[in-house]
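Have a look at the structure below, then the notes.
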């Protein structure tokens with residue numbers, strides 16, 4: 369199976385979920401985590417990941433901070449806000465109902 | 002947080018770009034470090050620029066970013082022509098600041114509601130009709146027994162509150178040596194409760210303080226006075242103060258926001274009305290009647306009730322009064338009672354200065370329009386210079402709205418800068434103007450806060466100003482036709498027409514301002530140069546008082562001592578100085594006839610007073626030490642003419658007829674030349690009577706009139722002040738001033754009006770001149786090529802001059818005519834502020850006309866010189 373870009377509309381959910389398990393990740397780590405936990409099936413493209421991160425930051429779901437790494441470079445790490453936790457819950461239940469519906473269609477048809 | 006962060010990101014857009022760049026770079030390095038192929042990683046990102054843009058647009062408010070770009074661009078435009086921009090900003094700032102100051106003053110004096118529970122329910126009572134002097138008028142002063150009748154009748158429908166006129170009076174806290182001035186007001190005990198005011202300390206008066214005359218010797222301080230005089234010391238409550246022969250206990254401090262009901266006066270000390278000695282007198286009108294109407298009560302029915310009750314009171318009081326002519330009594334009984342809203346309080350200063358300030362505000366508004374017209378023309382000219390740029394922007398796809406915004410941004414910057422400087426100007430100038438109102442020893446005090454009302458006005462004014470000068474040029478600039486503009490670069494005719502119209506309006510307004518200013522200045526000149534009939538030169542006035550009446554020989558004693566002081570030439574006494582503004586009047590009965598309808602005015606003077614005042618004796622003799630009141634009298638010319646018909650006045654007898662029917666017979670011993678008595682506006686018939694009296698044992702107040710040797714009489718003030726108390730310990734000098742100061746006090750309002758009007762007239766001329774210069778100069782620059790060609794084909798210089806000026810001349814002529822028409826209309830509405838000047842006087846019109854025209858000519862000359870100096874060869878070569 370070819371590597372697919374994260375499903376349309378589910379990128380936010382993936383990012384929020386990852387950040388809810390492991391706070392304070394930078395962009396590359398989030399991308400890597402999505403790939404790893406999905407068994408290299410799902411991939412977030414850089415071109416869509418960063419605008420999505422900024423959008424969620426503006427919406428107040430996640431919060432960003434510059435930290436200094438051991439290498440001396442700066443990295444921008446993200447973590448979930450209380451607002452984001454609520455959003456995650458909503459997105460998760462939305463995803464559940466959507467995938468349930470799709471499964472039902474696949475079974476019946 | 003989101004909107005805010007997007008806005009703040011827009012402001013620091015550069016830094017944001019760097020951060021996004023840095024984050025993406027870090028990502029790439031991370032990817033490479035974890036073993037990805039560098040080329041592949043870079044490819045995955047796509048174009049770095051695109052990624053950055055995508056990130057950027059999410060995090061930034063786009064509209065704001067482009068707006069900021071416009072503002073930056075506008076700022077650079079302003080900086081390109083620093084001198085003209087600065088001139089525009091300064092002229093607008095001056096006009097905006099002056100407008101704001103005018104608003105602050107008028108608002109504080111007339112509009113701002115009192116800080117009380119229900120200002121909208123507050124009214125005041127006045128009477129209108131014929132007065133006791135048989136002249137029509139309106140009066141807001143009432144006798145206390147009359148007030149009590151009204152108050153009782155209105156119970157349930159309205160609360161009536163009596164407040165006296167706040168007075169600057171002598172008070173002492175310890176010994177008489179430490180006498181000081183404070184502004185004292187008598188108020189009803191129910192006032193504080195009715196107004197919903199709380200004490201800041203101690204307690205306030207209550208209705209129980211209104212029960213019996215003299216039974217409530219209490220004082221309430223205002224918060225302002227408590228702060229200034231006692232530094233908010235709470236132990237001041239319980240202390241006593243001496244005022245007007247009584248001892249008052251301080252019981253409390255009123256709420257901070259409340260400074261009395263008279264805008265222009267900040268009261269220091271409140272005392273109950275019941276403590277005034279006149280409280281039982283039916284014939285003494287000394288209080289204002291404020292009415293706090295209960296909701297739902299008809300004002301008109303209230304008024305009718307008050308009128309009926311007041312009529313009954315007057316009828317009862319005047320029945321059997323033989324001192325007044327029957328005509329006078331009839332007239333007075335026919336007076337109407339008026340009830341008018343007074344949400345802002347009621348004061349004499351409103352009456353005296355409300356109109357004057359409105360007139361100045363009007364002039365200032367015109368100056369603002371002139372300044373706006375200037376800036377509008379400036380913006381027009383700049384927009385014209387940018388026609389090609391605008392055309393280019395349109396051709397590469399800029400929308401109309403975007404162009405309007407681009408040009409308006411510059412106007413907004415101008416307006417905001419001007420408003421900021423204007424606010425500073427207003428902060429400085431409004432208190433300055435207040436300081437010029439009233440004499441030095443009793444300054445007017447208006448509360449001038451920078452509150453919401455003032456800020457709202459300033460904001461509104463700034464927006465209006467910006468639209469006035471910015472909108473038209475912006476719309477013009479945006480409606481550019483790219484094809485035509487890119488080809489030729491000529492200014493459209495419509496734009497020049499707009500600029501010329503502005504010149505016309507400027508000239509009209511400028512004429513109006515200069516014309517009205519001229520009338521004010523002429524009024525002041527006439528008034529201040531008016532001969533008073535006496536000489537104020539080197540005269541020092543010692544207004545002296547003593548707690549108990551003192552025999553007149555004691556007063557003579559003091560005068561005698563003062564005469565021996567070095568530097569003193571003459572010393573005389575009178576009850577009060579001339580032109581102090583107070584008077585004593587009564588009817589006159591000649592040859593046993595009925596009391597006169599016209600009143601005569603009286604003043605006690607000592608022998609030698611006429612010589613000290615340099616009022617020449619025309620007939621008869623001066624008083625002697627042996628003369629006493631009421632026997633001998635010296636009258637002025639007006640009296641001799643009016644009451645004695647100029648038939649050998651000396652030696653004749655007349656009677657002074659008081660309201661209560663008592664008559665005092667006097668014989669004229671001398672006639673003096675006319676001199677103004679209480680005001681320089683009217684020459685009154687005056688009877689001078691001796692200080693010595695057969696009737697009264699002593700005198701409490703009198704003024705020593707001292708003619709000093711030195712040209713500055715005030716140099717002797719403190720020495721003489723001490724000397725008075727030194728000679729007789731009971732005497733205290735409550736006020737020292739020069740007669741000159743009193744004379745000037747007569748023309749304070751006129752001086753203020755003349756000064757401000759002159760200043761703004763000058764500013765209007767200057768601005769209109771600059772505006773005209775700018776427009777002509779611009780039009781010469783625009784038509785350089787045409788002028789060059791005309792010259793090359795032999796047009797004479799006169800023709801060139803005509804070409805350049807003809808349109809503008811027509812506009813000036815039209816503007817001037819409109820100005821005259823407007824001026825005559827405006828003058829009529831402020832007529833009451835003029836003194837003996839007539840707006841239709843040809844000189845008063847011709848003079849400003851000449852001034853405006855010569856300014857216009859002066860402003861036109863540089864442009865004309867430039868036009869005729871154009872070198873055709875050079876112009877044609879450059880094409």
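Protein chains in written order, with this note's numbering: chain A, 369 to 477; chain B, 2 to 880.
Cβ coordinates follow ideal geometry from the N, Cα and C atoms, glycine included.
Just so it is clear, the structure is predicted and the values come from calculations on it, not from any experiment.
Using the beta-carbon of each residue, which ones in chain A are nearer than 7 Å to residue i?
| i | result |
| --- | --- |
| residue 28 (chain B) | 395, 396, 414 |
Are the Cβ atoms of residue i and residue j separated by less than 8 Å?
| i | j | result |
| --- | --- | --- |
| residue 93 (chain B) | residue 291 (chain B) | no |
| residue 343 (chain B) | residue 124 (chain B) | yes |
| residue 630 (chain B) | residue 691 (chain B) | yes |
| residue 410 (chain A) | residue 402 (chain A) | yes |
| residue 622 (chain B) | residue 670 (chain B) | yes |
| residue 427 (chain B) | residue 101 (chain B) | yes |
| residue 162 (chain B) | residue 222 (chain B) | no |
| residue 776 (chain B) | residue 391 (chain B) | no |
| residue 303 (chain B) | residue 315 (chain B) | no |
| residue 455 (chain B) | residue 447 (chain B) | no |
| residue 372 (chain B) | residue 556 (chain B) | no |
| residue 568 (chain B) | residue 711 (chain B) | yes |
| residue 129 (chain B) | residue 339 (chain B) | yes |
| residue 448 (chain A) | residue 384 (chain A) | yes |
| residue 781 (chain B) | residue 805 (chain B) | yes |
| residue 375 (chain B) | residue 768 (chain B) | yes |
| residue 831 (chain B) | residue 139 (chain B) | no |
| residue 881 (chain B) | residue 541 (chain B) | In this structure chain B extends from 2 to 880, so residue 881 (chain B) is not present and cannot be described. |
Chain A partners of residue i, CB-CB under 8 Å?
| i | result |
| --- | --- |
| residue 15 (chain B) | Under the 8 Å cutoff, chain A gives no residues; its nearest Cβ is about 17 Å from residue 15 (chain B). |
The beta strand (DSSP E) with residue i in it runs from where to where?
| i | result |
| --- | --- |
| residue 290 (chain B) | 286 to 294 |
| residue 671 (chain B) | 664 to 673 |
| residue 602 (chain B) | 600 to 606 |
| residue 243 (chain B) | 241 to 244 |
| residue 247 (chain B) | 247 to 254 |
| residue 431 (chain A) | 430 to 436 |
| residue 688 (chain B) | 687 to 691 |
| residue 610 (chain B) | Unbroken run through residue 610 (chain B) is the alpha helix (DSSP H), 610 to 614; no beta strand (DSSP E). |
| residue 404 (chain A) | First-last for residue 404 (chain A): 395 to 405, but that is the alpha helix (DSSP H), not the beta strand (DSSP E). |
| residue 737 (chain B) | 732 to 739 |
| residue 270 (chain B) | 270 to 273 |
Note down, in chain order, every chain A residue with its Cβ under 9 Å from the Cβ of residue i.
| i | result |
| --- | --- |
| residue 25 (chain B) | 395, 414, 418 |
What residue range does the alpha helix (DSSP H) around residue i cover?
| i | result |
| --- | --- |
| residue 642 (chain B) | 638 to 645 |
| residue 416 (chain A) | 414 to 427 |
| residue 147 (chain B) | 145 to 155 |
| residue 451 (chain A) | 450 to 476 |
| residue 882 (chain B) | Here chain B covers residues 2 to 880 and nothing more, so residue 882 (chain B) does not appear. |
| residue 32 (chain B) | 14 to 34 |
| residue 706 (chain B) | Element bounds for residue 706 (chain B): not the alpha helix (DSSP H) but the beta strand (DSSP E), 700 to 709. |
| residue 231 (chain B) | 224 to 231 |
| residue 314 (chain B) | 300 to 319 |
| residue 426 (chain B) | 401 to 437 |
So with Cβ pairs under 8 Å, would you call residue i a contact of chain D?
| i | result |
| --- | --- |
| residue 789 (chain B) | Looking for chain D here will not work: the only protein chains present are A and B. |
field: Interface positions of the stretch 428 to 448 of chain A facing chain B (Cβ-Cβ less than 7 Å), listed along the chain
entry: Here the close residues are 428, 441, 442, 443, 444.
task: Would you mind listing the alpha helix (DSSP H) stretches within the stretch 162 to 201 of chain B that are 4+ residues and don't spill past its ends, in chain order?
output: Segments of the alpha helix (DSSP H) lying fully in the stretch 162 to 201 of chain B: 192 to 195.
field: Residues of the stretch 32 to 43 of chain B with Cβ closer than 8 Å to any Cβ of chain A, in chain order
entry: Here the close residues are 32, 35.
query: Unbroken beta strand (DSSP E) runs of length 3 or more, entirely within the stretch 512 to 570 of chain B: which are they?
result: Fully enclosed beta strand (DSSP E) runs of 3 or longer: 540 to 551.
task: Would you mind listing the beta strand (DSSP E) stretches within the stretch 826 to 867 of chain B that are 3+ residues and don't spill past its ends, in chain order?
output: Qualifying beta strand (DSSP E) stretches: none in this window.
query: At which residue ranges does the stretch 64 to 136 of chain B contain complete beta strand (DSSP E) runs of 3 or more residues, listed in the order of the chain?
result: Fully enclosed beta strand (DSSP E) runs of 3 or longer: 123 to 131.
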